[in-house]
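Data block below; observations after.
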Amino acid sequence: MREIVLINLTGPDRPGLTASVTGALARCGAGILDIGQAVVHDTLSFGILVEVPAGSELSILQKELLFVAHGLGQQVRFTSVSEAEYAAWVADQGKPRYIVTLMTRRVSAAQLERVSAITARHGLEIEQIDRLSGRLPLDTPEARSKGCIEFSVRGEPADPAALRAEFLLTAQELNVDIGFQLDTLFRRIRRLAVFDMDSTLIEAEVIDELAKAAGIGDKVAAITERAMRGELDFRASFKERLALLKGLPEEVLEEIGASLRLTEGAEVLFAELRRLGYKTAILSGGFSYFARQVQARLGIDYVFANELEIVDGKVTGVAVEPIVDGQRKADLLRQLAEREGLSLEQTIAVGDGANDLPMLGLAGLGVAFRAKPLVRQSARQAISNLGLDGILYLLGYRDRDGIR
1 MREIVLINLT GPDRPGLTAS VTGALARCGA GILDIGQAVV HDTLSFGILV
51 EVPAGSELSI LQKELLFVAH GLGQQVRFTS VSEAEYAAWV ADQGKPRYIV
101 TLMTRRVSAA QLERVSAITA RHGLEIEQID RLSGRLPLDT PEARSKGCIE
151 FSVRGEPADP AALRAEFLLT AQELNVDIGF QLDTLFRRIR RLAVFDMDST
201 LIEAEVIDEL AKAAGIGDKV AAITERAMRG ELDFRASFKE RLALLKGLPE
251 EVLEEIGASL RLTEGAEVLF AELRRLGYKT AILSGGFSYF ARQVQARLGI
301 DYVFANELEI VDGKVTGVAV EPIVDGQRKA DLLRQLAERE GLSLEQTIAV
351 GDGANDLPML GLAGLGVAFR AKPLVRQSAR QAISNLGLDG ILYLLGYRDR
401 DGIR
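The structure is reproduced here in structure tokens:
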């Protein structure tokens, strides 16, 4: 009668360990039903599920492995598995898989406890845990730290909205970002990424900076804030703010353009996206005058933004149609995907304001980046604690995979 046995080895990682263990199994004619291993700080955890064919002696296999394990400094444990248990395990492979991505400056036990407790409470079983972030010295300043833990979970949450609400609450309380997405093939074959510019690619709202130079900074900033929160219609508020800038000298634009700072992680993200073959675009409710400068700095393929009309060296305050509002951003995303021969599932959209929500909802991966509360709650994914390069973690990339 055939037997099914789970073999677990733990101990110091050793070169040639896998070959030695599987060699012992081969001599006993065992079949491999499942295998997996992890190494944490040079300590190995190695599991193999094997089928011992009828006519073979399980005791001989155990003796062989005990001898090999002793020579390698490993502890070994054998657990019998019934055919019914194995059949139930096989049946589980039809259940959906999800990826939970925990991103933070410094990973803590409290963060891991909350995330794992939430997944368990919603009927999701953790199958695998991986660290995507690189190893950091203990004295790394927090502002330069990055931590990312990825959970592969199995099952179907009964109430996805309640699950997401718990993740959002935990994110706010523990200064952590938590991604939750279905584990599909598209996760690693996305090829178009589009971005808002102001407060996303750059650390400023340009129209507010122009208003400061015109001496009406507070008035315009208040309108901008309400528009980004979704309290005002973007087109109407844009025209209102632009009209207030009438007469601003063109030299002011040059000064502001020279002072713009890229958002943390932007240069790393775009270098990686280029290396991976992505096309990139700016879809901005800001101004093309500044978007083209950002395009040159980051090597972006496409730019769509609002034209800032200048006559006789001064801003006219007149909005040039078509205005790039929320619907226009979504339309442009669809058009770019068609131009590149991609499905929308293969696209990424990133933004911070309410006018970004249409494109965030349309893209295969929509990310609210350091966004207003309404946007963070409405988007499927949100990053508030790391820089833009945190988006790579949502794609499943490890720090060691690239140039970071």
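Numbering (the UniProt record's numbering), first residue to last: 1 to 404. Backbone N, C-alpha and C fix where the C-beta goes; we use that ideal spot for every residue, glycine too. No experiment lies behind these values; they were computed from the predicted model shown.
Asked                                                                                                                   : Found
Buried versus exposed, by CB contacts within 10 Å (16 or more), SER288                                                  : buried
Per DSSP, cross-strand counterpart(s) of PRO96                                                                          : According to DSSP, PRO96 bridges with nothing at all.
DSSP-derived helix/strand/coil call for THR232                                                                          : According to the sequence shown, residue 232 is Leu rather than Thr. DSSP places LEU232 in coil when its eight states are reduced to three.
Contact set for MET103: own chain, Cβ-Cβ below 6 Å, skip 5 residues either direction                                    : CYS148, ASP177, LEU386, GLY390, TYR393
6 Å CB neighbourhood of GLY73 in its chain, flanking five on each side removed                                          : GLY11, PRO12
Residues of its chain near ALA213, where Cβ-Cβ distance is below 6 Å and the 5 sequence neighbours each way are ignored : VAL252
Span separating the alpha-carbon of ARG292 from that of LYS219                                                          : 27 Å
7 Å Cβ shell around ARG245 - same chain, five flanking residues per side excluded                                       : A quick correction: the sequence has Leu, not Arg, at residue 245. Excluding sequence neighbours, LEU245 sits near LEU210, ALA211, ALA214, VAL315, GLY317.
Beta-carbon gap between VAL194 and LEU58 smaller than 8 Å                                                               : no
Cutoff 6 Å; reference LEU232; Cβ partners in own chain excluding five residues on either side                           : ARG226
Any alpha helix (DSSP H) of 4 or more consecutive residues that is wholly inside the segment 133-220                    : 160-174, 206-213
Which listed residue (LEU342, LEU362, PHE186, LEU344) has its alpha carbon closest to that of GLY351                    : LEU362
Residue closest to ARG121, alpha-carbon to alpha-carbon, out of ARG164, ALA143, ARG131, ARG144                          : ARG164
DSSP three-state assignment for ALA349, whether helix, strand or coil                                                   : strand
For GLU51 and ALA30, believed in contact at Cβ under 8 Å, the rounded distance                                          : 7 Å
Beta-carbon proximity list for LEU49, same chain, < 6 Å, skipping 5 on both sides                                       : LEU6, LEU33, ASP34
Buried or exposed (CB count within 10 angstroms, at least 16 for buried), PHE67                                         : exposed
Three CB pairs or more closer than 8 Å across the segment 93-109 and the segment 171-188                                : yes
Cutoff 8 Å; reference LEU344; Cβ partners in own chain excluding five residues on either side                           : LEU333, ARG334, ALA337, LEU362, ALA363, GLY364
Alpha helix (DSSP H) segments (min. 4 residues) lying fully within the segment 301-358                                  : 326-339
Proximity below 8 Å, CB of LEU112 to CB of GLY230                                                                       : no
Where GLU264 sits in the DSSP three-state scheme                                                                        : coil
Reference GLU142; option with closest CA among ALA171, LEU65, VAL107, ARG370                                            : VAL107
Residue environment, THR119, which counts as buried when at least 16 other CB atoms sit within 10 Å                     : buried
Contact check, PHE186 vs ASP325, beta carbons under 8 Å                                                                 : no
Opposing strand residues paired with ILE35 [DSSP bridges]                                                               : ILE48
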